[in-house]
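So the protein lines, in turn, are chains U and C.
The numbers in my numbering rise by one with no breaks, and the one at position 89 of the first sequence is 1032.
The numbers in my numbering rise by one with no breaks, and the one at position 128 of the second sequence is 158.
Have a look at the structure below before the remarks.
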Amino acid sequence: MSAPQITFLWNSSQNNLPNDGGANGNSNWKPFDPLNDSLAFLGSGTNDQDSNATKDTFVIPESGNKEIPRQFVNDYNESKWDRVWLAGSDADEGEGGNYRYAYGAYIDGTTSSVPVLQSWDSTAHNSFSSEVLGSGTPANSMIRGVVTTNSAPGASWAGTPLAGDGGGNTLELDTGPVVDSKMVYWNMRLLVPNTANPFTSSPILSIYITYS
Amino acid sequence: MYDQIYTVKFSDKTKFIGGDVNAPKWGKCPEKDISSLEILLPCEDKIILSEYEKYNFFIGAIKSLKDGKLSVQHLFALGCNDNIVTSYRITLSSESGNKYRVGDMTVRNFPLGKEGIGRSSTNGWKKGIKK
Chain U
944 MSAPQITFLW NSSQNNLPND GGANGNSNWK PFDPLNDSLA FLGSGTNDQD SNATKDTFVI
1004 PESGNKEIPR QFVNDYNESK WDRVWLAGSD ADEGEGGNYR YAYGAYIDGT TSSVPVLQSW
1064 DSTAHNSFSS EVLGSGTPAN SMIRGVVTTN SAPGASWAGT PLAGDGGGNT LELDTGPVVD
1124 SKMVYWNMRL LVPNTANPFT SSPILSIYIT YS
Chain C
31 MYDQIYTVKF SDKTKFIGGD VNAPKWGKCP EKDISSLEIL LPCEDKIILS EYEKYNFFIG
91 AIKSLKDGKL SVQHLFALGC NDNIVTSYRI TLSSESGNKY RVGDMTVRNF PLGKEGIGRS
151 STNGWKKGIK K
C-alpha cells in the first residue's frame, strides 16, 4: 500500500450526523483548507457567521476550571467565523455536549496501525512547551480530546489532555488499523484553569499514521 | 528520500526488493518463509533482522491541520518471537530541536498486539523461519 490521504473535516451544522461524502464532505461536513483555515476557541459573544475582524475572547476563571464555550473555524476565504456547533462538552460551562460528530478525518487508503491524534507547538512536531499544552507536562494540557468514531462521548465528557506523542496524551482514533477508507471522529474542548496566564497560542493538531 | 528501503530474503534463496518511503510495497512481498529482512538506513548502512517467527514493516508519517502535508517521520522494522515484538524504529526526518537525528535507531520490545503506534496491534505480519 502507498501512503493514505488524510483530509480533516468539521461539522458546520447542528446535525449530529456522520459524513457520508468522503474527503469532499457533504452539506454538513466541510473539509479544512489547511493553508488558510484555522480553529479558534472563543467566548460566547462570538456568533456563527460573524466577521473574523473581531472576536470575543475568554476570561480566565477566578477559581476552578472553565471550558472555553465556543469553537470556530476561521474561514479565511469568507473572512468570517464558522461555528463548530457540536464541539466541546457541556461540563465546566462549555456549550457542547454528548455529540459524536464534531470533528473528523477521512482516511483514504489503509494503515498498518491505528491513526493517532496528537497536539504539538508547531509543525516541527518536536515540542509541547506552550502553556496551552501544559508547559511541557502533557497531563496539564488544556486541550482535551475524546474519540467518537464508534460511540458518543457521554454526558459531560472530560477528555484526554493532548500534548506530544506519549501514549497517554494522544488519541487512538479507532480500535484498530484502517482496512478500508473511512472516517474517524473526535470531539475536543479547551479547559482553562484559574492558574493560567493570559495567552494567545497556536498549537497544531496532527494525525500520525503508518502504512506499508 | 532513498529508494529500495528494504530487501526480503526467503528460505528458497529468492528475494524481494521493497519500494520507497512513499510506496514501500510490503503488501506485494510474496507470502513465503522469510529468512531475513534487510533495512537500508539513510546513511547507507544496513541492519538485518533474522531468526524471527514473523516480520512486519511500515512507515510512520504525520499530517497536521495547519500545513496539509504528509511528512514521513519514521521507518519501522519489526520481528516477533514467542509473542514478543522487537521494534526497530529509524528516524527519517528531523528538524532543529528534535531529540532524534536522521538515522537514529530506537529498539524497543512490546507484547504482540501492543506494538503499534498508540500501543495497539498492527496489520501486515509475514511468516519467517528460525533456523
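Virtual Cβ for every residue (Gly too), placed ideally from N, Cα, C.
Query	Result
Do you know how far the Cα of K1125/U is from the Cα of L1029/U?	21 Å
Starting from H104/C, trace the beta strand (DSSP E) both ways and give me its first and last residue.	L100 to N111
Let me know the beta strand (DSSP E) ranges lying completely inside the region 1042 to 1112 of chain U, each 3 residues or longer, listed in chain order.	1046 to 1051, 1059 to 1063 and 1086 to 1090
I need the boundaries of the beta strand (DSSP E) containing E1010/U, first residue and last residue.	N1008 to E1010
What do you reckon, are the CB atoms on I147/C and V1059/U nearer than 8 Å?	yes
Is there a Cβ from chain U that is less than 8 Å from the Cβ of D97/C?	yes
For N1069/U, return the contacting residues in chain C, with the cut-off set at a CB-CB distance below 8 Å.	E125, G127, N128 and K129
With a threshold of 8 Å on Cβ separation, who are the neighbours of A996/U within its own chain once the five nearest residues in sequence on each side are excluded?	S1022
Just to confirm, are Y1044/U and N959/U a CB contact at a threshold of 8 Å?	yes
Can you tell me where the beta strand (DSSP E) with E68/C in it begins and where it stops?	I64 to L70
Can you list, in chain order, the stretches of the beta strand (DSSP E) that have 3 or more residues and sit fully within the region 951 to 1033 of chain U?	972 to 974, 981 to 985, 1008 to 1010, 1013 to 1018 and 1023 to 1026
So what's W155/C in DSSP terms, helix, strand or just coil?	coil
Can you tell me whether G90/C is helix, strand or coil according to DSSP?	strand
Can you tell me whether K39/C is helix, strand or coil according to DSSP?	strand
Going along chain C, which residues have a C-beta under 9 Å from S945/U?	G49, N52, A53, P54 and K55
Report yes or no: is there a C-beta of chain U within less than 8 Å of the C-beta of K93/C?	yes
Name, in chain order, the residues that DSSP records as bridge partners for N139/C.	T116/C
Could you name the residues that DSSP lists as bridge partners for F46/C?	V38/C
Who are the Cβ neighbours of K62/C in its own chain at under 6 Å, not counting the five residues just before and after it?	F40
Cβ of T152/C less than 8 Å from any chain U Cβ?	yes
Which value, in whole angstroms, describes the spacing of the CA atoms of I159/C and S1099/U?	52 Å
So, is the C-beta of S1144/U closer than 8 Å to a C-beta in chain C?	no
Could you tell me whether any Cβ in chain U is nearer than 8 Å to the Cβ of I147/C?	yes
Buried or exposed: where does D1035/U fall if 16 or more other Cβ atoms within 10 Å of its Cβ makes it buried?	buried
Using 8 Å as the Cβ pair cut-off and three pairs as the minimum, do the region 981 to 989 of chain U and the region 1059 to 1069 of chain U touch?	no
For N153/C, which of K84/C, I47/C and K76/C has the nearest alpha-carbon?	K84/C
Report all residues from its chain with a CB closer than 7 Å to the CB of L994/U; omit the five preceding and five following residues, and keep chain order.	Per the sequence shown, residue 994/U should be read as Ser rather than Leu. Taken in chain order, the residues that qualify are S1022 and K1023.
Between G90/C and chain U, is there a C-beta pair that is closer than 8 Å?	yes
For the 8 Å Cβ check, are there 3 or more pairs between the region 63 to 79 of chain C and the region 112 to 120 of chain C?	yes
Would you call the CB atoms of C59/C and K129/C closer than 8 Å?	no
Could you list the residues in the region 96 to 120 of chain C with a C-beta less than 9 Å from some C-beta on chain U, going in chain order?	K96, D97, G98, K99, L100, S101, V102, Q103, H104 and F106
Does chain C have any CB closer than 8 Å to the CB of G986/U?	no
Measuring alpha carbon to alpha carbon, tell me which of W953/U, S1145/U and A946/U ends up nearest A1048/U.	W953/U
Please list, in chain order, all residues of the same chain as S1070/U whose beta carbon is under 6 Å from its beta carbon, the five residues on each side excluded.	D1064
Determine the chain C residues that contact S1149/U at a beta-carbon separation under 8 Å, and present them in chain order.	I92, K93, S94 and L95
So, are the CB atoms of S1055/U and F88/C less than 8 Å apart?	yes
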